[in-house]
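Quick note, the sequence shown lines up with residues -19 to 394 if you use this note's numbering.
Every residue gets a Cβ at the ideal spot worked out from N, C-alpha and C, and that includes glycine.
Note that this is a predicted model, so its numbers are computed, not measured.
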Amino acid sequence: MQTGQQAAAAWANVLAQIIDGGHLATGEQLSTMVDRAVREMGLTADVLMVDLAQHALTPVRPEPGGEVAVSGTIAGRAYQLGEILAATDDRGRALWVPMLDGADRAGVVRIGLDGVPDAGVEDGPLLRRWVWTLAGLVGHLVMTKVVYSDRLRRWRSGGPLSLPSELLWQLVPPRTFATERVVVSAILEPHDQVAGDAYDYNVEGDVVDLAVFDATGHDIRAGVTTALAITAIRNARRAGEKDLVAVAAWADAFISAQPGPLQFTTAVLARLDTATGVLEYVLAGHPPPLLIRHGKVVKELTAPPRPPLGVTVAGGLPTAVEREQLEPGDRLLLYSDGVTEARDADGVFFGEQRLVELAEHAVAAELSAPETLRRLGAAVLEHQGGRLQDDATLLLIDWSAGGHHRMFPTLPDV
């Protein structure tokens, strides 16, 4: 049996092999490369990447096949809960390890304990700590390869994307970001047909900038309008503009200057100081965010009406920045009307009340922000028979010192 010092040296060699090999490996070679590196520890490894719909986990290797469902499997449960789970399958004993890219859920890694003859590897606290570190490294590598691998993009998209959807997915940041003070998570549905909805966020020191968009229409023009809005707002921020009214005006001018018929997008623009909990926000024709406190939706964050981005009037728009003091543990849910206006076969709306109830249940179940949104998105899709007629965006902010812990496995002391 290895001592802790010997194990650390051996694992350092494994991680070094993966880092060094990762420089030149193509995306589909990652699983094979990681498997080769861990075999000297008596282990095997399979890297599985989650799709945008969060329905399936696909092995990252040259040969196709072997998908594992997120729902109803031990692998999927490890993904959902962010926990390392032990199981025995047709290949023997295994650990299913959540794979994150930063805080964004990228998939899972299957660590086989019986794949190397006579290795006799035992599950234990030290092993779990090392495979969690391994999965974190691999998560970073996988997502760096997605940027320039159409094969990985196909696996990640889970099928063809519409042209507007292709455009927007290349613009939005990762679905989840976290620090020790805040978690920001978002989803877009239908992931393969989204045209005018999008989200954005930016982190600078203690401040997090947030935005949700919903452009008029459901075609490439809607996608372009939203892309212009995102670009204009980022351009304003990067030019040093911090006033949300001025940032909105920047987007107004940029969108309205485009040729052709009038295009616009509703939006929520917000800025959260994670040190103080002060939230500033502007509503541009968009549904008001929901404030969740002590497990209950306590209020809507309303504001004086302001036209959507891209709608300009002579003399400017009388826009005011609203402020809300958050309390530690608060959650803020931003959404587009495609969520509440989703209809079932009888024409019944999904509705705000159903959204409120599900958000409250997620808090009671102590679900992480990304898992809360995955389940909310699934509920909206189920309500409309699996196919939305309009885009639906959800963005959740968890301002707490413990939000990130819900995404990471519970590791025993060693």
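Can L417 and V188 be called in contact, C-beta distance under 8 Å?
The structure shown does not extend to residue 417, since the chain is modelled only from -19 through 394, so no value can be given for it.
Report the residue from W149, T299, E160 whose alpha carbon sits nearest the alpha carbon of P435.
The structure shown does not extend to residue 435, since the chain is modelled only from -19 to 394, so the question has no answer here.
Please name the residue in D326, E346, L356, P97 whose C-alpha comes closest to that of L335.
L356
The alpha helix (DSSP H) with F157 in it runs from where to where?
No alpha helix (DSSP H) holds F157; the beta strand (DSSP E) holding it covers 156 to 158.
Could you tell me the alpha carbon to alpha carbon distance between R311 and N215, rounded to whole angstroms?
28 Å
How about D286 and A250: are their beta carbons less than 8 Å apart?
According to the sequence shown, residue 286 is Arg rather than Asp. Contact flag unset, no.
Helix, strand or coil: how does DSSP classify K276 here?
strand
Per the contact definition of three or more C-beta pairs closer than 8 Å, is the segment 164 to 180 in contact with the segment 228 to 239?
no
One question on the structure: do P144 and A209 come within less than 8 Å of each other, judged by their Cβ atoms?
no
Limits of the beta strand (DSSP E) - the one that Y181 falls within
177 to 184
Simplified DSSP state of G331, which is helix, strand or coil
In this structure, DSSP gives G331 a helical state, which the three-state scheme calls helix.
So V319 is in the alpha helix (DSSP H); what residue range does that whole segment cover?
317 to 320
If you follow the alpha helix (DSSP H) that R134 is part of, which residue opens it and which one closes it?
130 to 137
Quick check on the DSSP output: the alpha helix (DSSP H) that includes Q34 runs from which residue to which?
Counting along the chain, Q34 falls outside any alpha helix (DSSP H), and DSSP gives it neither H nor E.
To the nearest angstrom, report how far apart R131 and G56 are at their CA atoms.
22 Å
So, using beta-carbon positions, are R386 and E346 closer together than 8 Å?
yes
Rounding to the nearest angstrom, what Cα-Cα distance links P267 and T206 in this structure?
Those two C-alpha atoms are separated by around 17 Å.
Compute the Euclidean distance between the alpha carbons of P288 and A322, then round it to the nearest angstrom.
21 Å
With H, G and I counted as helix, E and B as strand and the rest as coil, what does DSSP make of I200?
helix
From the DSSP secondary-structure annotation, give me the bridge partner or partners of G87.
M29, M79
According to DSSP, which residues form a beta bridge with R73?
T68
Just the Cα atoms here: how many angstroms apart are N42 and R71?
The question names Asn, but residue 42 is Pro in the sequence shown. C-alpha separation (whole angstroms): 20 Å.
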